[in-house]
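Visitor: Following our numbering, the numbering of the sequence shown begins with 3 at its first residue and continues without gaps. Note that the Cβ used here is the ideal one computed from N, Cα and C, for glycine as well.
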Amino acid sequence: MLGRFSKQKAMHPRYIEKRMCRAIDEGARVFLKKVYAPNYITVCLNPEDMREVFKYRRVFWDEMRRTAQEHIEANLSLAGNIGDRIVIKILDDPAVPKGEVACTAELVDDLPPEEDS
3 MLGRFSKQKA MHPRYIEKRM CRAIDEGARV FLKKVYAPNY ITVCLNPEDM REVFKYRRVF
63 WDEMRRTAQE HIEANLSLAG NIGDRIVIKI LDDPAVPKGE VACTAELVDD LPPEEDS
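1. Where M52 and K100 are concerned, what is the direct C-alpha to C-alpha distance, given to the nearest angstrom?
2. With E28 and A104 assumed to form a contact (beta carbons below 8 Å), what rounded beta-carbon distance in angstroms separates them?
3. If you reduce the DSSP assignment to three classes, tell me which class R31 lands in.
4. Check the DSSP bridge columns for C105 and list the partner residues they point to.
5. According to DSSP, is L4 helix, strand or coil?
6. With I74 as the anchor, note down where its beta strand (DSSP E) starts and where it stops.
7. Looking only at its chain, what residues have a beta carbon closer than 6 Å to the beta carbon of C163, apart from the 5 residues adjacent to it on each side?
8. Have a look at I88, F56, V110 and A81 and flag the residue whose alpha-carbon is nearest the alpha-carbon of L34.
What follows is the structure in structure tokens.
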């Protein structure tokens with residue numbers, strides 16, 4: 003799902019985090035007694051936006067993880083049988099127009115190893 007922030011002069015991490023939280027909410031799955039959070043999140047940015055955001059890569063990466071964790075803890079549950087790990091992949095994708103964010107979030111049984119993107 004795309005989110006557009008074209009009125010901004012530069013891609014701001016706050017807008018990326020908002021889009022990620024919306025994707026987490028949209029990717030949540032209702033089971034018998036709980037609503038489970040997605041544990042595999044992919045954020046795609048235009049390569050130009052990615053270069054700008056990744057000038058402060060470590061801070062951005064840590065904030066994305068913290069934001070996802072806090073959002074999930076406040077609003078959803080993590081499925082205990084698949085662990086409490088959340089994987090976030092941040093990728094550049096030339097198909098994503100500059101100023102837009104494509105984000106998906108899904109609940110998966112077998113998480114890939116997390117990499118610093």
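Guide: According to the structure data:
1. Counting from 1 along the sequence shown, the entry for residue 52 is found at position 50. Counting from 1 along the sequence shown, the entry for residue 100 is found at position 98. So the two alpha carbons sit approximately 10 Å from each other.
2. The count along the sequence shown starts at 1 and reaches residue 28 at position 26. The count along the sequence shown starts at 1 and reaches residue 104 at position 102. A Cβ-Cβ separation of about 13 Å leaves E28 out of contact with A104 under the 8 Å criterion.
3. As a working mapping, residue 31 is identified with position 29 in the sequence shown. Residue state, collapsed to three classes: strand.
4. In the sequence shown, the residue the question calls residue 105 occupies position 103. The partner list for C105 (beta bridge, DSSP) reads V45.
5. Numbered from 1 along the sequence shown, position 2 holds the residue referred to as residue 4. Legend: pLDDT at L4 = 45, less than 50; position of this residue unreliable, no value from coordinates given.
6. As a first step, residue 74 must be located in the sequence shown, where it is residue number 72. Unbroken run through I74 is the alpha helix (DSSP H), R59 to N77; no beta strand (DSSP E).
7. Beyond the ends of the chain as shown, which are 3 and 119, falls residue 163; an answer cannot be given.
8. For this step, residue 34 is matched to residue 32 along the sequence shown. Looking at the Cα atoms, A81 is the closest of the given residues.
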